[in-house]
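2 protein chains.
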Amino acid sequence: MGSYAMTGGATGIGAAIRKSLVSAGHQLIVVDVKDADINADLSTAEGRAEALAGIKARASDGLDGFIACAGVSGSVPVKPLIPSVNYFGSVELVDGLRDLLRTRRGSVVLIASNSAPMETRQDYVDALLAGDEAAARAIAEDTDGHPLYSGSKQAIARWMRRNTQSYAAEGIRLNAVAPGYTRTPMTESVASDPAYADAIKQFLDSIPLKRAGEPEDIAKAVSYLLSDEASFVCGSVLFVDGGHDAMLRPDSC
Amino acid sequence: MGSYAMTGGATGIGAAIRKSLVSAGHQLIVVDVKDADINADLSTAEGRAEALAGIKARASDGLDGFIACAGVSGSVPVKPLIPSVNYFGSVELVDGLRDLLRTRRGSVVLIASNSAPMETRQDYVDALLAGDEAAARAIAEDTDGHPLYSGSKQAIARWMRRNTQSYAAEGIRLNAVAPGYTRTPMTESVASDPAYADAIKQFLDSIPLKRAGEPEDIAKAVSYLLSDEASFVCGSVLFVDGGHDAMLRPDSC
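Top line first, the protein sequences correspond to chains A and B.
Counting in our numbering, the first sequence runs from -12 upward without gaps.
Counting in our numbering, the second sequence runs from -12 upward without gaps.
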């Protein structure tokens, strides 16, 4: 079977992806802040370098796939974690694993969000895409978490699409999944707070399919994109959101 | 197994979809201009009504899925066929099968195109979305085939997304696939013409994955979207184009 690596496999969407890859018989290297094959803090350049070194040591004969799943929500107390973990923790790892992926003509799935097309601070997205972590972190210090989150996901989607051609020339497919609201330990902790419970319920009722996504819904999309079934799917952002994006942006295509 | 219906199952992408559904053991009703379970001319309102009546007679206990695949290219000599077959032949059939789809909480896949976001005549797209076939056909009389084709696909994608919420409320998932250049009898006849062969070769080299799509690539995406694996994918346009759209519109998300 295949040789895979991923970030953020401990809980939520990442845990479902981990389970689906392992149960399909693949070898999988998991990077997370703790309890993983490689414990590393993706919010720092040093932690990202450690993660890369650890993966390279364990997958010296190449990778069939990599899933950049680690991420923090917009409600994290230390706002600069959002650009550092979500964006740099994703794209620096893909970039650093390019040689290993080339060896086996691997496939990459990044986790964006159906909030990626939403309004955000464009100077922030530009700083991310320019690779200017210091500037992005400085903007994060005095910006609300929500646009920082959606902007980090917009930048991930754009980075993926801007790099599609160059990676494809080496036989590496880049794609992204854009989940909608998904039931994870993180979102459940908010939903169970009496202060937010009604608003969350109302929000869920507004999703065309009338439910939240389950981590397994996202994992199935990731598995599809990684598989040979999707060998001509390249540079695509697959929305898995129960119809939410279509409702909000019907004429976007 | 499931009960499915489709249009355009005779050749190319449609034939590959037909084969994959039949080989999965599903019951399938095929509508096409000839050699099909139901022979009907989707370019006329009468032909579309015949197709609907034929499907209803054969699938009275409901449909698990419907694939609107019939379409003509931009190089068809009679230009008004483009809006009539591509757009009305798709959306009128989905609309007419809604009751059958509701019965089994079915899933619909429309075939758009990665040319859907390209420049077209907006009055034409507006006429299509308004259901004004006469106006769309009148515009088609004096317009180039290419924008008529891409506009018909843009309208399909928008119709799908505008209707996502209403169908989802009845448990019906609408999605679309947006194929890039795909090797079919239609495209091969152009590619083998010495007058176009060089241009086509150059075009194929410009696709990030350096090849045309195969009908099976598109059929696999359709199978994925129809399946329970994609039960939270709703209102999505899945590009299956070897990276072409990402190359042309990197910042579109």
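Just so it is clear, CB atoms sit at the ideal spot from N, CA and C, and this is done for glycine as well.
| Check | Outcome |
| --- | --- |
| Under a CB-based cut-off of 8 Å, is B/Lys207 close to chain A? | yes |
| So the candidates are A/Leu8, A/Thr171, A/Ile42 and A/Leu235; which of them puts its Cα closest to the Cα of A/Asp247? | Past the edges of chain A, shown from -12 to 240, lies residue 247 of chain A, and the structure says nothing about it. |
| Taking CB distances under 8 Å as the criterion, tell me whether B/Asp238 reaches chain E. | Looking at the structure shown, chain E is missing, and the protein chains on hand are A and B. |
| What does B/Gln141 touch in chain A if you count any residue whose Cβ is under 8 Å from its own? | Cys240 |
| Using a beta-carbon distance below 8 Å, is A/Arg5 in contact with chain B? | no |
| Indicate the three-state DSSP secondary structure (helix, strand or coil) for B/Asp19 in the structure shown. | strand |
| Below 8 Å CB to CB, which residues in the same chain sit around A/Leu321 once its five sequence neighbours on both sides are set aside? | Shown here, chain A extends from -12 to 240; a query on residue 321 of chain A therefore has no answer. |
| Could you spell out where the alpha helix (DSSP H) holding B/Met147 opens and where it closes? | Gly132 to Ala155 |
| Which chain B residues sit within Cβ distance under 8 Å of A/Met173? | Per Cβ cutoff of 8 Å: no residues; A/Met173 is ~18 Å from chain B at best. |
| Who are the Cβ neighbours of B/Ile0 in its own chain at under 8 Å, not counting the five residues just before and after it? | Cys56, Ile98, Pro166, Thr169, Thr171, Pro202, Ile205 and Ala206 |
| Counting C-beta neighbours from all protein chains within 10 Å, is the total for B/Gln141 16 or more, i.e. buried, or is it exposed? | buried |
| Examine chain B for any beta-carbon lying closer than 8 Å to the beta-carbon of A/Cys56, and answer yes or no. | no |
| When the distance is taken between beta carbons, is A/Gln152 closer than 8 Å to B/Gly222? | no |
| Nearest-angstrom Cα distance between A/Ala38 and A/Val78? | 13 Å |
| Does chain A have any CB closer than 8 Å to the CB of B/Val220? | yes |
| Quick check: the segment 28 to 37 of chain A against the segment 62 to 75 of chain A, are at least 3 beta-carbon pairs closer than 8 Å? | yes |
| Identify, in the order they occur along the chain, each residue of the same chain with its Cβ nearer than 7 Å to the Cβ of B/Ala(-3), setting aside the five sequence neighbours on each side. | Asp19, Asp22 and Ala23 |
| Would the segment 172 to 186 of chain B count as touching the segment 104 to 118 of chain B if we require 3 or more Cβ pairs under 8 Å? | no |
| Alpha carbon to alpha carbon, how far is A/Leu87 from A/Ala46? Give it in angstroms, no decimals. | 8 Å |
| What does the alpha-carbon distance come out to for the pair A/Tyr211 and A/Ser239? | 24 Å |
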